[in-house]
Amino acid sequence: MAPRFHWLTLPDGEVGYLSQLFNLSEQQAYFQFLMNSVDWQYETLSLFGKQVVVPRKVAWYGDSEAVYAYSGVLHQPLPWTAELTKIKQKVEHVCGEHFNSVLLNLYQNGADYMGWHSDDEPELGDDPVIASVSFGASRDFKLRHKKYRKSQQPVVTQTLISGSCLLMKGATQRYWQHSVPKRSLNKVSEPRVNLTFRLVKLAEI
Ligand SMILES: O=C(O)CCC(=O)C(=O)O
Ligand SMILES: [Mn+2]
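Start counting the sequence shown at 1; every next residue gets the next number (the UniProt record's numbering).
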């Protein structure tokens, strides 16, 4: 039977989780490949006039026309590798979606993190579909509504384990923010690689 997503009960958003898209041997092989063969870079963003290094390593792969601009920086994708294409095909099949690019994040340990944000760049269109695959250490993924008030709405937590796939679609990026918070090195000492598959809408000429 085809694996099925478990849909979180969120107002104003559609977020599904599939805990085992990749089996143990696939997880081990892809993790090794991703750690060793991806062109990981520390990225510098300009935030309020200051140069800030992001607290994780990143890489951007995709179709050559899937150019992505964020924080004022144009990102030209590196060409797909055979392994990334294989991962993409499996993700597309189970999600029933098409993607033309992937943003990869490498969290070396619990000290690396990603702050609250929505993936709502204009290149992604009105209701972006994002599929997020994880290999390596488990990390907590948090979601909060943009109208979040501490007293009213709880923050939703989904732990993302190795081999899992999280799918965000519909109005999720309009109404929700997400993050991967820091953890102590006692709790998370191992690296995690995350791949977020995206469909960059091509500029109309
Ligand atoms: O590492 C994760 O699970 C989240 C990554 C993410 O939100 C992003 O790349 O925009
Ligand atoms: Mn994101």
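Here a beta-carbon is modelled for each residue, glycine too, at the ideal position from N, C-alpha and C.
Where residue i and residue j are concerned, what is the direct C-alpha to C-alpha distance, given to the nearest angstrom?
i    : j    : result
P79  : W176 : 31 Å
F48  : Q108 : 27 Å
G163 : Y113 : 19 Å
G115 : V133 : 18 Å
R174 : P11  : 12 Å
F31  : V156 : 27 Å
L106 : T172 : 24 Å
D120 : A69  : 12 Å
N194 : S46  : 23 Å
A29  : L160 : 18 Å
T81  : Y42  : 20 Å
S184 : T196 : 24 Å
V180 : S19  : 17 Å
R56  : N186 : 18 Å
Q76  : R149 : 38 Å
L202 : K50  : 30 Å
K182 : E26  : 27 Å
C95  : E83  : 18 Å
Nearest by alpha-carbon distance to residue i: which of the options is it?
i           : options                : result
Q89         : G62, L106, Y148, A69   : G62
F99         : N105, R144, A111, T85  : T85
A59         : S46, A137, L34         : L34
V91         : M168, A131, D119       : A131
N36         : M168, V73, R192        : R192
P122        : Q27, K182, A66         : A66
residue 229 : V38, C95, H93, M168    : Past the edges of the chain, shown from 1 to 205, lies residue 229, and the structure says nothing about it.
T44         : S64, V73, V38, E26     : V73
W40         : S138, E190, L103, R139 : L103
R139        : S64, E83, E190         : E190
With a threshold of 6 Å on Cβ separation, who are the neighbours of residue i within its own chain once the five nearest residues in sequence on each side are excluded?
i   : result
Y17 : H6, Q158, L166
Measure how close the beta-carbons of residue i and residue j come, nearest whole angstrom, since I'm counting them as under 8 Å.
i           : j    : result
residue 222 : P3   : Residue 222 lies beyond the stretch modelled for the chain, which goes from 1 to 205, so this question has no answer here.
E14         : G170 : 4 Å
G110        : V188 : 3 Å
H178        : F141 : 6 Å
Could you name the residues of the same chain whose beta carbon sits closer than 8 Å to that of residue i, not counting the 5 residues immediately before and after it, in chain order?
i    : result
L199 : E97, H98, F99, N100, S101, L124, G125, P128, V129
Q153 : R144, H145, K147
H93  : none
Excluding the 5 residues flanking residue i on each side, which residues of the same chain have their C-beta closer than 7 Å to its C-beta?
i   : result
I87 : Y30, V133, L195
V38 : A59, L104
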